[in-house]
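Numbering (my numbering), first residue to last: 44 to 236.
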């Protein structure tokens, strides 16, 4: 056999069909093993998110999305397992049970709760900035009164004076925290209205 024949034999034919014959775009072929494993890991991660939910949220999700009772029981059981090997097996079992449901509504609901949590955190940070501004700037109380018409100015003036005094004396920040509670109550009143 000549050298050129040997090279030709080693070189794959560019016109030939792929050896595996599987393509992710072809709907007639089953998903590849890699795709199935990625889907399985995704469901296990979703199951881990369910395990992290508190009992009230899990019950709410189970009622809203109509989770199978067996899945809810497996999630609750996973919470009680502390040994890593047992917990891992239980999470794999939760992932297996998740194959029988549509994960889309569960993911959607968890994302909505996460977005709500982010909004609550942002609102809390805004109130903390107001509190710091009230202590740093004398005219901040007027700006706050413009934003919150129900503001009790004399009460806030007294709290601000006490908080400044506590800060100077390096005393526990009781008034500092009371300002935040008052701001939170004002914000909740505006939210309800």
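C-beta: ideal position from N, C-alpha, C; glycine also. Model, not experiment: these values are computed from the prediction.
**Q.** Exposure of residue 127, with buried meaning 16 or more beta-carbon neighbours within 10 Å
**A.** exposed
Q. For residue 72, does the count of other Cβ atoms within 10 angstroms reach 16, so buried, or fall short, so exposed?
A. Only exposed fits residue 72, as fewer than 16 other CB atoms lie within 10 angstroms of its CB.
Q. Does DSSP put residue 203 in a helix, a strand or coil?
A. helix
Q) The alpha helix (DSSP H) spanning residue 124 covers which residue range? A) Boundaries cannot be given for residue 124, as no alpha helix (DSSP H) includes it and DSSP labels it neither H nor E.
Q) How many angstroms separate the CA atom of residue 165 from the CA atom of residue 135? A) 35 Å
Q: Answer yes if the stretch 84 to 100 comes into contact with the stretch 145 to 156, meaning at least three C-beta pairs across the two stretches below 8 Å, and no otherwise.
A: yes
Q.
Please classify residue 78 as buried or exposed, where buried requires at least 16 neighbouring CB atoms within 10 angstroms.
A. exposed
Q. Among residues of its own chain, excluding the 5 on either side of residue 221, which ones have a beta-carbon nearer than 7 Å to its beta-carbon?
A. Result list for residue 221: 202, in chain order.
Q) For residue 133, does the count of other Cβ atoms within 10 angstroms reach 16, so buried, or fall short, so exposed? A) buried
Q) Do you know offhand how far residue 103's Cα is from residue 141's? A) Their backbone Cα atoms lie some 17 Å apart in a straight line.
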